[in-house]
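*Asks:* Residue numbers (my numbering): 1 to 312.
Just passing along the structure, written as structure tokens.
Following this line, the structure appears as structure tokens:
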């Protein structure tokens with residue numbers, strides 16, 4: 001049996017130095033609250049003026065709403081920006097099960113709470129990785145009420161790749177979340193999934209600190225990661241085989257040029273099966289976590305995409 005490769009730690013507990021743009025952006029703190037969806041409180045962050053057109057950000061698996069906190073303020077002058085944490089992740093409550101259709105209802109609830117359907121301009125949705133599954137589901141539900149959906153490194157695979165991933169991940173034992181005595185000890189264990197190097201350690205540190213919560217209960221005392229391990233059960237290695245072609249919403253796909261998520265044939269598959277009119281954009285020198293690797297390039301790409309959208 002092949003033993004997993006032990007990667008060197010990204011973080012050592014000290015806050016890394018960061019550029020001015022980061023400090024300026026993070027200083028624009030979001031409004032923090034929750035919205036109830038089917039009996040569970042869903043974490044909701046919002047920026048910008050109430051009544052402005054809505055832009056909703058959706059994060060990937062094992063992540064949380066604050067993955068967008070250094071991206072969202074770039075758009076808050078023009079939009080009412082919102083980001084949620086899926087149930088079982090971030091500061092949202094946990095469920096017994098996490099079907100994608102139910103998570104899509106969490107995204108829809110966030111749009112409604114932000115006033116997306118009260119504006120004369122239809123809302124935009126930007127999703128990353130696993131969040132793209134719910135964005136596609138949302139497009140199937142209310143695509144005719146959306147202006148556009150942008151999918152960043154989406155989990156779109158051929159049937160063959162899905163089966164390979166199922167064989168790989170189905171053999172991985174998922175254990176209850178470990179509790180660490182100190183935050184520093186937990187931070188030293190932080191890794192991106194899929195693994196990738198990171199030059200912008202200040203962003204990794206920001207995300208990692210907000211991925212932890214302090215517990216003092218029957219499970220123990222200390223720091224644990226903010227996600228429900230049941231999201232990683234073997235029957236949940238989900239993917240989009242093809243984007244819906246009759247959703248009534250235009251898609252744009254953004255890929256990281258160095259993403260470990262895909263084999264070369266997967267990129268070809270995405271290009272072949274995308275709905276007509278779907279643009280395919282590549283961010284150079286970005287791995288799977290595009291907003292961490294190339295945050296400014298991602299902001300520029302999104303601004304360009306939004307500027308080119310027809311009025312809806």
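By construction, the Cβ of each residue, glycine as well, lies at the ideal position given by its N, Cα and C atoms.
So is residue 4 buried or exposed if we call it buried at 16+ other beta carbons inside 10 Å?
*Replies:* Caution applies to residue 4, whose pLDDT of 49 falls short of 50 and renders its modelled position unreliable; the value that the coordinates give is listed next. The residue in question, residue 4, is exposed, as its Cβ has fewer than 16 Cβ neighbours within 10 Å.
*Asks:* For residue 240, which residues of its own chain have a beta-carbon under 7 angstroms away from its beta-carbon, when the five flanking residues on both sides are left out?
*Replies:* 132, 133, 136, 154, 155 and 156
*Asks:* Compute the Euclidean distance between the alpha carbons of residue 11 and residue 180, then round it to the nearest angstrom.
*Replies:* 15 angstroms
*Asks:* From the DSSP output, which residues share a beta bridge with residue 38?
*Replies:* DSSP, once it has assigned bridges, lists no residue as partnering residue 38.
*Asks:* Roughly how far, in whole angstroms, is the beta-carbon of residue 43 from the beta-carbon of residue 92, given that I think they are within contact range, below 8 angstroms?
*Replies:* 5 angstroms
*Asks:* What is the residue span of the alpha helix (DSSP H) that residue 249 lies within?
*Replies:* Segment: none, residue 249 is in no alpha helix (DSSP H) and carries neither H nor E.
*Asks:* Between the C-alpha atoms of residue 1 and residue 89, what's the straight-line distance to the nearest angstrom?
*Replies:* Residue placement at residue 1 is poorly supported in this model, since its pLDDT is 37, which falls under 50; the coordinates are not used for a value here.
*Asks:* Are residue 56 and residue 110 closer than 8 angstroms when you measure CB to CB?
*Replies:* yes
*Asks:* Who are the Cβ neighbours of residue 203 in its own chain at under 6 angstroms, not counting the five residues just before and after it?
*Replies:* Its chain contains 292 as the residues whose beta carbon lies nearer than 6 angstroms to that of residue 203, once the 5 sequence neighbours on both sides are disregarded; these appear in chain order.
*Asks:* Can you tell me the Cα-Cα spacing of residue 165 and residue 130, whole angstroms?
*Replies:* 14 angstroms
*Asks:* Give me the Cβ distance between residue 123 and residue 147, rounded to the nearest whole Å; I'm assuming they're in contact under 8 angstroms.
*Replies:* 6 angstroms
*Asks:* Would you call the segment 36-51 in contact with the segment 264-280, where contact means no fewer than 3 C-beta pairs closer than 8 angstroms?
*Replies:* no
*Asks:* Which of the three DSSP states, helix, strand or coil, is assigned to residue 297?
*Replies:* helix
*Asks:* CB residue 252 to CB residue 278, shorter than 8 angstroms?
*Replies:* yes
*Asks:* Rounded to the nearest angstrom, what separates residue 294 and residue 19 at their Cα positions?
*Replies:* 13 angstroms
*Asks:* So which of 71, 102 and 47 has the shortest CA-CA distance to residue 128?
*Replies:* 71
*Asks:* Quick one: what does DSSP say residue 282 is sitting in, helix, strand or coil?
*Replies:* strand
*Asks:* Tell me whether residue 133 sits in a helix, a strand or coil according to DSSP, three-state version.
*Replies:* helix
*Asks:* Tell me residue 47's beta-bridge partners as DSSP assigns them.
*Replies:* 81
*Asks:* Within a Cβ cutoff of 8 angstroms, which residues of the same chain sit near residue 160, ignoring the five residues on either side of it in sequence?
*Replies:* So the list is empty, once near-sequence residues are dropped.
*Asks:* Could you check which residue in 209, 231, 262 and 224 has the C-alpha nearest to that of residue 315?
*Replies:* Outside the modelled stretch of the chain, which goes from 1 to 312, sits residue 315, for which no answer is possible.
*Asks:* Run the CB neighbour count on residue 48, radius 10 Å, all protein chains shown included, and call it buried at 16 or more, exposed below.
*Replies:* buried
*Asks:* Among 259, 205, 214 and 186, which one has its Cα closest to the Cα of residue 195?
*Replies:* 259
*Asks:* Between which two residues does the alpha helix (DSSP H) containing residue 241 stretch?
*Replies:* It is not in any alpha helix (DSSP H) - residue 241 carries neither H nor E in the DSSP assignment.
*Asks:* Following the continuous alpha helix (DSSP H) through residue 18, name the residue where it begins and the one where it ends.
*Replies:* DSSP places residue 18 in no alpha helix (DSSP H); its state is neither H nor E.
*Asks:* From the DSSP output, read off the bridge partner residues of residue 128.
*Replies:* 152
*Asks:* Alpha carbon to alpha carbon, how far is residue 106 from residue 285?
*Replies:* 33 angstroms
*Asks:* What does the Cβ neighbour count give for residue 60, buried or exposed, with the cut at 16 atoms within 10 Å?
*Replies:* The residue is buried, with at least 16 neighbouring Cβ atoms inside 10 Å.
*Asks:* Comparing alpha-carbon positions, which option in 210, 114 and 103 lies nearest residue 64?
*Replies:* 210
*Asks:* Less than 8 angstroms between C-beta atoms, sequence neighbours within five positions excluded: which residues of the same chain meet that for residue 113?
*Replies:* 35, 44 and 82
*Asks:* Roughly how many whole angstroms lie between the Cα atoms of residue 126 and residue 31?
*Replies:* 19 angstroms
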